[in-house]
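**Q** According to my numbering, the sequence shown is numbered sequentially starting from 40. The beta carbon of each residue, even a glycine, is placed where N, CA and C say it ideally should be. What follows is a single structure, and I will ask about it in a moment.
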Amino acid sequence: MQIKIHLRKYGYLRTDQPSLHEFREALIAFQEVAGIEPTGEVDAQTVEATKRSRCAQEDVNRRSNRAKRFSLSSQSKWDRKHFTGDHELLLKWYISNYTNDIKRSVVRSTVQKAFQLWSSQLNIKMLPHVSIKFEEANSQAEADINIMWAAGEHGDQYKVSIILQHYITSLWLTFDGANAKENVLAHTFFPSYTFPLNGDIHFDDEEWWDIDETATDHGKRFFPYVLAHEIGHALGLQHSRKSDALMSPYYKRVPLDRISLDIDDRCGINWNYAHVMRSTSSRNIHTTKRLLKSESIEALNSNG
């Protein structure tokens, strides 16, 4: 059954031969993340949801077998050596291989705007927050985040330690080409434990990329939104189950100047880096985490 394969690939199922109860629970979890009625039944809406353009990352942490609100992994963050101050994270980016679908100058300006989106919207009123600054590197060797387009099998599996490959089996290290059945357009490597690919963002070069939000050709892939989402992974965030969050696994055709980070996105980043803020006392860190969690839960309840 194709739906079972989909649930397995994105972390909802732990085994290829689940019990009926396990399958139904996994299906309900998938339906909740997809923003459709969680009936536990394979209906037309559910099948259609499996065909949406989406990110290659899992939606569910296999070790906990549940869809998290946002990433709180102790490993999935940039370490202190990337901080230039008590609260400022500095990351450098570089584009090592471009697509032929969009002018290089437009790609670079879009990348700059997407990073600016994240750095300008992380503040949460009345709470300590991390500041993130992005700079373009002079070379790939200097970059923390390398951005590139590639097709098919492009060498990722040979760069990542075999010991660590179980962390990233869901990343689909081999791209599946234009308009393929799974509609996977890009993948990103989490920081800290996927050396030497930490934070790198890869796009499928066999897809047709554009920057026109008014395009009606569904075969075109809207680069700005996909990029903004993948940057969230490069910062250490996993998927959110809130459909309004930028870190929802499904891509949208929304221009960067109309994207507002959801409270889920902002809480995820600030919670993830709270302990790295060296000037914050241990007591204040726990207070910050508690307040961030409260903010996010309150937002979830108010949005249904």
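(1) Are there 16 or more other CB atoms within 10 angstroms of the CB of residue 275, so buried, or fewer, so exposed?
(2) Applying the 10 Å Cβ sphere with the 16-neighbour rule, what's the burial state of residue 153?
(3) Leaving out five residues on either side along the sequence, give the residues of the same chain with a beta carbon under 8 Å from the beta carbon of residue 181.
(4) For residue 175, which three-state DSSP category applies?
(5) Going by beta-carbon coordinates alone, are residue 245 and residue 217 separated by less than 8 Å?
(6) So residue 264 and residue 116 are in contact, right, with Cβ under 8 Å, and what is the actual spacing, rounded?
(7) Is the separation between the beta-carbon of residue 239 and that of residue 162 shorter than 8 Å?
(8) Is the number of C-beta pairs between the stretch 165–179 and the stretch 277–294 that are closer than 8 Å three or more?
(9) In this structure, how does DSSP classify residue 266 when only helix, strand and coil are distinguished?
(10) Just verifying my parser: in three-state terms, what is the DSSP assignment at residue 93?
(11) Helix, strand or coil for residue 276 per DSSP?
(12) What are the boundary residues of the alpha helix (DSSP H) that residue 303 is part of?
(13) Taking the beta strand (DSSP E) that residue 189 belongs to, which residues open and close that run?
(14) To the nearest angstrom, report how far apart residue 136 and residue 228 are at their CA atoms.
(15) Using only alpha-carbon positions, find the residue among 230, 194 and 167 that is nearest to residue 183.
(16) Once you ignore the five residues that flank residue 344 on each side, which residues in its own chain have a CB closer than 6 Å to its CB?
(17) Once the 5 residues before and after residue 53 are set aside, which same chain residues still bring their CB inside 6 Å of it?
(18) Report the three-state DSSP secondary structure of residue 296 (helix, strand or coil).
(19) Please report the residue range of the alpha helix (DSSP H) in which residue 147 lies.
(20) Report the residue from 294, 297, 282 and 295 whose alpha carbon sits nearest the alpha carbon of residue 303.
(21) Nearest to residue 68 by alpha carbon, out of 92, 42 and 56?
(22) Is it buried or exposed for residue 127, if we count other Cβ within 10 angstroms and need 16 for buried?
(23) Starting from residue 163, follow the alpha helix (DSSP H) in both directions and report where the run begins and ends.
**A** Let me spell this out:
(1) For the purposes of this step, residue 275 is identified with residue 236 of the sequence shown, where counting begins at 1. When all chains shown are included, residue 275 counts as buried.
(2) Sequence index remark: in the sequence shown, residue 153 carries index 114 (1-based). So residue 153 counts as buried.
(3) As a first step, residue 181 is located in the sequence shown; it is residue number 142 there, counting from the start. Correct list, in chain order: 131 and 133.
(4) One-based indexing of the sequence shown puts residue 175 at position 136. The answer is strand: DSSP assigns residue 175 an E or B state.
(5) As a working mapping, residue 245 is identified with position 206 in the sequence shown. As a working mapping, residue 217 is identified with position 178 in the sequence shown. Closer than 8 Å, so yes.
(6) As a working mapping, residue 264 is identified with position 225 in the sequence shown. As a working mapping, residue 116 is identified with position 77 in the sequence shown. With a contact defined as Cβ atoms closer than 8 Å, residue 264 and residue 116 miss out at about 24 Å.
(7) Translated into the one-based positions of the sequence shown, residue 239 becomes position 200. Translated into the one-based positions of the sequence shown, residue 162 becomes position 123. Result no, Cβ atoms of residue 239 and residue 162 do not sit closer than 8 Å.
(8) no
(9) Walking along the sequence shown from the start, residue 266 turns up at place 227. Here residue 266 sits in helix by DSSP.
(10) As a working note, residue 93 is residue 54 in the sequence shown. In this structure, residue 93 counts as strand in the three-state DSSP scheme.
(11) Position 237 of the sequence shown, counted from the first residue, corresponds to residue 276. The answer is coil: DSSP assigns residue 276 none of H, G, I, E or B.
(12) Within the sequence shown, the letter at position 264 stands for residue 303. Its alpha helix (DSSP H) spans residues 302–311.
(13) Residue 189 sits at position 150 when you count from the first residue of the sequence shown. It spans 184–189 - the beta strand (DSSP E) in which residue 189 sits, taken as one unbroken run.
(14) The count along the sequence shown starts at 1 and reaches residue 136 at position 97. The count along the sequence shown starts at 1 and reaches residue 228 at position 189. Cα to Cα, the separation comes out at about 17 Å.
(15) Translated into the one-based positions of the sequence shown, residue 183 becomes position 144. The option with the nearest alpha carbon to residue 183 is 230.
(16) Here the chain comprises residues numbered 40 to 343, so residue 344 is not present and cannot be evaluated.
(17) The sequence position of residue 53 within the sequence shown is 14, counting from 1. Excluding positions up to five away in sequence, the list is empty.
(18) Reading the sequence shown from its first residue, position 257 is the one you call residue 296. Looking at residue 296 - three-state DSSP - the assignment turns out to be helix.
(19) In the sequence shown, the residue the question calls residue 147 occupies position 108. Unbroken alpha helix (DSSP H) run through residue 147: 143–159.
(20) Position 264 of the sequence shown, counted from the start, is the residue given in the question as residue 303. Measuring from the Cα of residue 303, the nearest candidate turns out to be 282.
(21) In the sequence shown, the residue the question calls residue 68 occupies position 29. Of 92, 42 and 56, the residue nearest in Cα terms is 42.
(22) Residue mapping note: residue 127 aligns to position 88 of the sequence shown, counting from 1. It is exposed - the Cβ of residue 127 has fewer than 16 other Cβ atoms within 10 Å.
(23) Sequence index remark: in the sequence shown, residue 163 carries index 124 (1-based). It is not in any alpha helix (DSSP H) - residue 163 carries neither H nor E in the DSSP assignment.
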